[in-house]
Each structure stands twice: as structure tokens, then as C-alpha cells.
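Residue numbers (this note's numbering): 919 to 1100.
And the structure:
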């Protein structure tokens, strides 16, 4: 049976049991080098980002359930595309199906959508810092099921991550030209 990595609404076990009754949750997984976003369509997606990871749930899906997921994720209309990517699980990495939104532009969540995603993420005990990052997409952020008074909708800081250095630096001009700088 194929593996499927859920990072949005399909982390909800009760909803998945209705949609995909022959599928089984295997536990937590992480998609490295990607970040969670809400697209202009109002739903969750992922974007490549070498500094981040997307947390979610790995499912063992029956083939018939994959067809159901394809319909739910509106593959035919192009809302999502389906890719196969490695995800990190306890004990190593496994390849899993992942649905990625057609839009890479950041938008606002549909009413009630992200609150349900965050509730599911909390039920799986995803890292609190990750939940805080998801909250940034809400107009009224929540924590422990209650609205926060602080504004988490401020843009994330741009530029390099503090304390992270590239593996290889660009050569200096002296090395490129063969001349020492004056």
C-alpha cells in the first residue's frame, strides 16, 4: 500500500477514517527542506525552503483510498498536484505521496480551515514552534485552543538564519582574478 504524507486537513484521524476507511495512520513524519503555507486558494501547501521542515502524519493508504484522496484534493481541476518525496520518520526516511497546491502564492485560509488543521496538529503533538508558525496565517492566532492577543501576522524576518553558515563560501575576488585586493 502506498504511503501518504498529510500536513493539512488530512491529519484529522476522524475525517480520514470517513474519507479513507482502509488507510492507517503510521505516526509522525517530517518533510525536510520545505515550509508550510496557505495558498491564495485558501488551503495548505508546501514550498521548497532549505531552512525549514513541514511536520505531519504518515498514512499507509489502500489504493482505492488514494483515488478518493485524488478527488478530495481536486487533482482533476488542478487545485493540487501529486508528487513523491522522501519524508523523515523515526528510524530513517521513506518515500511518500504528497499533494502540493498549484499556487505558490501565499494567501489567507478559508474560514475555519486552518483552525481545524491546527487542532489536528495539536492532537498529534506537533512541535509548539511549528504550531506558532501555522498561526501566522490566521487573522486571530490561537494557542491551546484560545485566541492570542499578540499579532503573529507580522512577516517573517528575511535574510540568513542566525548561526547558520553555508557549507561553501563564494570565492573571494582575489581567488577569482588571481590578484590581491588593494
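Ideal Cβ placement from N, Cα and C applies to all residues, glycine included.
The Cβ neighbour count for residue 1046, taken over all protein chains shown within 10 Å, is under 16; the residue is labelled exposed. Scanning its chain for C-beta atoms nearer than 7 Å, with the 5 sequence neighbours on each side dropped, one finds around residue 966 the residues 951 and 952, in chain order. Per DSSP, the continuous alpha helix (DSSP H) segment holding residue 1046 begins and ends at 1046-1053. Closest by C-alpha distance to residue 926, out of 968, 935, 991 and 920, is 991.
Rounded to whole angstroms, the separation of the alpha carbons of residue 983 and residue 1051 is 30 Å. Here the stretch 929-936 makes no contact with the stretch 955-965; the two share fewer than three CB pairs at distances below 8 Å. Selection 1028, 975, 956 and 1040 evaluated against residue 1018 yields 956 as nearest (Cα-Cα). Here residue 947 really is in contact with residue 974; their C-beta atoms are around 6 Å apart, less than 8 Å. 930 is the residue among 944, 987, 930 and 1015 whose C-alpha sits nearest the C-alpha of residue 1036.
Residue 928 counts as buried, since no fewer than 16 other beta carbons sit within 10 angstroms of its beta carbon.
In the DSSP annotation of this structure, the continuous segment of the alpha helix (DSSP H) that includes residue 989 starts and ends at 981-990. Taken atom to atom, the span from the alpha-carbon of residue 921 to that of residue 1054 is near 29 Å. Straight-line measurement puts the Cα of residue 1015 at about 6 Å from the Cα of residue 1001.
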